[in-house]
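Comments concern the structure below.
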Amino acid sequence: MSTLLLIKTSSLGDVIHALPAVTDLARFHPEVAIDWLVEESFKEIPALHNHVQQVQTIALRRWRHHWLTIATWQEFFHRLHTIRHTPYDLSVDCQGLIKSALIARLLPGSRHGFDRDSIREPLASFCYQNTHRVSRELHAVERNRQLLAQVFGYTPPHEVDYGIKAPALFTTQRPAAKYVVFLHATSRASKEWPVENWIDLGRQLALHGLSILLPSGNAKEQQRAQLIAGQINGAHALPKSSLTTLASLLQEAEFVVGVDTGLTHLAVALKQKVIAIYTDTDPQATGVYGSKLATNVGGIGMMPEVSSILNLCV
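Residue numbers (the numbering used here): 148 to 461.
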């Protein structure tokens with residue numbers, strides 16, 4: 148049995164886009180033991196995949212704010228020691244960034260990654276012993292699948308399987324009414340859908356007997372969720388939750404409406420019906436992908452109307 152360390156550290160959506168590559172590899176080479184290196188804040192996602200044996204974590208996002216402290220360097224070297232002394236036969240850097248490539252450079256075994264023409268930071272390719280050309284025109288999911296397929300010598304199947312399932316909600320966690328999840332929060336203001344649109348859509352769905360749940364990840368997002376929920380009968384702004392709990396909520400919803408954010412991709416990975424709203428990014432490159440239940444609406448410089456979203460919901 149050979150051992151692989153897959154490197155895909157962040158962001159949430161990027162981590163989710165690498166899941167189907169693991170499913171493919173496990174199908175064609177079940178003898179390969181797969182570990183995954185990821186940012187600590189996203190560790191729950193690869194842990195949902197049955198074919199990921201161990202999740203190794205780093206904390207670059209947290210450490211970068213405290214590089215001058217002794218405690219940060221102690222933790223960094225401890226994590227690095229743990230990873231380097233795990234006897235991996237090979238590593239594959241699906242991230243393709245200089246920061247991920249430098250980590251790969253420190254690992255034992257054969258190092259694989261994208262070639263210089265396949266990534267936006269070409270210098271990263273010099274850290275690998277073996278490089279592979281993958282078209283930059285492909286969707287992110289397919290780029291990850293093609294990379295692992297080239298490393299291990301197989302052709303990915305047509306169907307896309309993210310390979311994850313969330314645990315069922317406890318009775319105390321499950322809302323009494325049928326519910327829809329609004330994923331209103333995203334990393335950039337330019338990717339948001341207006342608050343008044345969420346309120347309008349929520350009010351119309353409430354007339355169909357649906358409750359609206361609005362997750363949030365920080366104080367600003369919580370304030371926005373409360374503003375929207377306060378204008379919709381039966382809507383609830385949820386407190387900050389773990390990724391596993393959010394995955395369970397998404398999985399058991401009637402459907403999900405979301406902007407370009409990692410949780411929207413998570414809902415797709417969980418085989419949920421998803422309407423994804425795009426206003427400032429290209430869904431051809433990083434839109435929801437691989438499911439007949441998922442629909443991309445909008446694109447760069449576009450602002451989908453409430454009516455178009457409602458028609459896809461009901």
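Each residue gets a CB set at the ideal place from its N, CA and C atoms; glycine is no exception.
Between Gly381, Cys241, Leu360 and Val444, which lies nearest to Ala287 when the distance is taken from Cα to Cα? Position 140 of the sequence shown, counted from the start, is the residue given in the question as residue 287. Ranking Gly381, Cys241, Leu360 and Val444 by Cα distance to Ala287 puts Cys241 first.
So what does DSSP say about Asp407, is it helix, strand or coil? For the purposes of this step, residue 407 is taken as the residue at position 260 of the sequence shown. Coil, per DSSP.
Tell me which residues share the same chain as Ala251 and place their Cβ nearer than 7 Å to its Cβ, disregarding the 5 neighbours each side in the sequence. Reading the sequence shown from its first residue, position 104 is the one you call residue 251. Once the five neighbours on either side are set aside, the close Cβ partners of Ala251 are Ile154, Ser238, Asp240, Arg258, Gly260, Cys274 and Tyr275.
Relative to the alpha-carbon of Asn291, which residue among Pro167, Ala315 and Cys460 has its alpha-carbon at the smallest distance? Translated into the one-based positions of the sequence shown, residue 291 becomes position 144. Among Pro167, Ala315 and Cys460, the Cα nearest to that of Asn291 belongs to Pro167.
Below 8 Å on the Cβ atoms is my contact criterion, and I expect Asp97 with Thr319 to pass it. Report the Cβ-Cβ distance as a whole number of Å. Nothing can be reported for residue 97, as the shown portion of the chain is limited to 148 through 461.
Would you please state the rounded distance, in angstroms, between the beta carbons of Leu285 and Val403? I believe it to be under 8 Å. Here residue 285 refers to the residue found at position 138 of the sequence shown. Here residue 403 refers to the residue found at position 256 of the sequence shown. Leu285 to Val403, Cβ: 25 Å. No contact.
State buried or exposed for Pro430, treating a residue as buried only when at least 16 other CB atoms are found within 10 Å of its CB. Numbered from its first residue, the sequence shown carries residue 430 at position 283. Classification for Pro430: buried.
How about Thr302: is its Cβ closer than 6 Å to a heavy atom in the ligand FMN? Of the ligands one can find in the structure shown there are none, so the ligand FMN has no counterpart to examine.
Across which residues does DSSP place Leu237 in a beta bridge pair? As a first step, residue 237 is located in the sequence shown; it is residue number 90 there, counting from the start. According to DSSP, which records beta bridges pairwise, Leu237 is partnered with Leu151 and Ser257.
How about Ala384 and Ala376: do their beta carbons lie closer than 7 Å? For the purposes of this step, residue 384 is taken as the residue at position 237 of the sequence shown. For the purposes of this step, residue 376 is taken as the residue at position 229 of the sequence shown. The answer is yes: Cβ separation under 7 Å.
Beta-carbon separation of Arg350 and Ile379 under 7 Å? Here the question's residue 350 lines up with position 203 in the sequence shown. Here the question's residue 379 lines up with position 232 in the sequence shown. For Arg350 and Ile379, yes; Cβs fall inside 7 Å.
Touch test, the segment 390-403 against the segment 188-195, Cβ-Cβ under 8 Å, three pairs minimum: yes
Gln203 to Val162 span [Cα, whole Å]: As a working mapping, residue 203 is identified with position 56 in the sequence shown. As a working mapping, residue 162 is identified with position 15 in the sequence shown. Each residue's alpha carbon lies about 13 Å from the other.
Validate contact between the segment 296-311 and the segment 443-461 using beta carbons, cut 8 Å, 3 pairs: Because the criterion of three Cβ pairs below 8 Å is not met, the segment 296-311 and the segment 443-461 do not touch.
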